[in-house]
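Residue numbers (the numbering used here): 65 to 431. All C-beta atoms in this analysis are idealised placements derived from N, C-alpha and C, irrespective of residue type, glycine included. Only one structure is covered here, and it is reproduced in the block below.
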């Protein structure tokens, strides 16, 4: 009978949690969409006169990224409302009177929020990058009317050494499939001063190496004068990146999955670029989905201490707590990007702080 009561309690709490969780996803998705996405859609429809079908597909492609952001918020709102309702109706008091601790009541909520966090992480790694790229393609090829091309134009590769700029490579045109490039300009620096310039009409990826053709090398004096040194018909370019890696290095890291971002960081390290900010971004990709767990813990404890179960109050408290979490996360991210915190600490300290706050409030609610 004791085991039956426990299973019945878990089912009861989950039944209280999931309707308000779905409600929270809908509410916060509506708020985020109304606050940003709808203005862009209205602008495309009215000013740019983009067909409704194209705009609707763009909206669908952008929606998964918005929904993923709302999952921690919805978990927080669901626990505040469901536990606030149980506290207002003295159901938590009756549960405690039967000898069941508040920690035991929290167990199904923690398990449910872990599932939510896992789903958010999975979505971020699979669905969201694909839909973001699909949305970019719609904007580029259907809204801006650009033609799909088999080449990349006006690409810059930056290399650093000991935190200082050492070389900048400009590629006018790159043909990744053929392994060719045109209009190459290379600037070499010493102590952040330009010392040498190399130009080439073309280049080729051959046998795992880059070779430049029909170029010239110039020396830059301390007075800033450019002096020709020599010309060449064929010369090797020291660039340990394949054509595909050169293309990958020019992509936006904010729209990559964690695995793609990790590969991108390795490419940037090869070029000597400071990758601390990229490591912060990678750890945030892994840490933010688990905000569902810590915010659910905080929300359950806050809701259990409230005797007012109105949805309006719950939404207001949820917005305040979510705002506090994301402000603190942005502050830690800035410290990490500035080198004042390690990337690991910058990403995970907000979760740790809110976990400690949730544990403290849960201890008080257990009295």
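Cβ pair residue i, residue j closer than 7 Å
| i | j | result |
| --- | --- | --- |
| residue 89 | residue 128 | no |
| residue 339 | residue 329 | yes |
| residue 315 | residue 331 | no |
| residue 241 | residue 276 | no |
| residue 166 | residue 360 | no |
| residue 325 | residue 317 | yes |
| residue 380 | residue 307 | no |
| residue 322 | residue 415 | no |
| residue 253 | residue 279 | no |
| residue 301 | residue 140 | no |
| residue 353 | residue 236 | no |
DSSP beta-bridge partners of residue i
| i | result |
| --- | --- |
| residue 264 | 248 and 279 |
| residue 333 | For residue 333, which the question treats as bridged, DSSP gives no partner whatsoever. |
| residue 112 | BP columns for residue 112 are empty, so no partner. |
| residue 273 | 270 |
| residue 292 | 282 |
| residue 241 | Paired residues: none, contrary to the question. |
| residue 235 | 219 and 248 |
| residue 299 | 276 |
| residue 418 | Paired residues: none, contrary to the question. |
| residue 253 | 258 |
| residue 229 | 224 |
Cβ distance (whole Å) where residue i is taken to contact residue j below 8 Å
| i | j | result |
| --- | --- | --- |
| residue 432 | residue 93 | The requested residue 432 is not part of the displayed model; the chain covers only 65 to 431. |
| residue 196 | residue 319 | 5 Å |
| residue 158 | residue 78 | No, residue 158 and residue 78 are not in contact; Cβ-Cβ is about 18 Å, not under 8 Å. |
| residue 410 | residue 399 | 6 Å |
| residue 87 | residue 364 | With a Cβ gap of about 16 Å, residue 87 and residue 364 do not count as contacting. |
| residue 149 | residue 80 | 7 Å |
| residue 85 | residue 138 | 5 Å |
| residue 179 | residue 73 | Between residue 73 and residue 179 the Cβ distance is about 18 Å, and since that is not below 8 Å, they are no contact. |
| residue 367 | residue 145 | 7 Å |
| residue 397 | residue 348 | 7 Å |
Alpha-carbon spacing of residue i relative to residue j, whole angstroms
| i | j | result |
| --- | --- | --- |
| residue 266 | residue 118 | 39 Å |
| residue 402 | residue 246 | 37 Å |
| residue 66 | residue 392 | Residue placement at residue 66 cannot be trusted, given a pLDDT of 47 that sits under 50; what the coordinates show is reported in the next sentence. Cα to Cα, residue 66 sits roughly 43 Å from residue 392. |
| residue 418 | residue 388 | 10 Å |
| residue 285 | residue 183 | 58 Å |
| residue 269 | residue 222 | 19 Å |
| residue 390 | residue 219 | 34 Å |
| residue 281 | residue 256 | 19 Å |
| residue 96 | residue 355 | 18 Å |
| residue 291 | residue 283 | 5 Å |
| residue 121 | residue 110 | 16 Å |
| residue 82 | residue 250 | 58 Å |
| residue 199 | residue 189 | 16 Å |
| residue 408 | residue 422 | 21 Å |
| residue 202 | residue 106 | 16 Å |
| residue 233 | residue 262 | 9 Å |
| residue 186 | residue 346 | 15 Å |
| residue 264 | residue 420 | 59 Å |
| residue 102 | residue 357 | 30 Å |
| residue 156 | residue 424 | 18 Å |
| residue 76 | residue 174 | 15 Å |
| residue 114 | residue 207 | 7 Å |
| residue 239 | residue 171 | 56 Å |
| residue 303 | residue 274 | 7 Å |
| residue 258 | residue 383 | 51 Å |
| residue 426 | residue 404 | 32 Å |
| residue 311 | residue 248 | 15 Å |
| residue 168 | residue 91 | 29 Å |
| residue 71 | residue 413 | 34 Å |
| residue 293 | residue 230 | 20 Å |
| residue 124 | residue 131 | 11 Å |
| residue 439 | residue 224 | Lying outside 65 to 431, the shown extent of the chain, residue 439 is not represented and no answer is given. |
| residue 271 | residue 98 | 53 Å |
| residue 104 | residue 431 | 50 Å |
| residue 204 | residue 154 | 57 Å |
| residue 394 | residue 333 | 25 Å |
| residue 369 | residue 327 | 46 Å |
Cβ-heavy atom distance, residue i to the ligand ATP, below 6 Å
| i | result |
| --- | --- |
| residue 348 | In terms of ligand content, the structure shown is empty, and the ligand ATP therefore cannot be addressed. |
Segments assigned beta strand (DSSP E), at least 3 residues, entirely inside the segment 363-410:
Runs of the beta strand (DSSP E) inside the segment 363-410: none found.
Minimum length 3: unbroken beta strand (DSSP E) runs contained in the segment 158-193
Here no run is fully enclosed.
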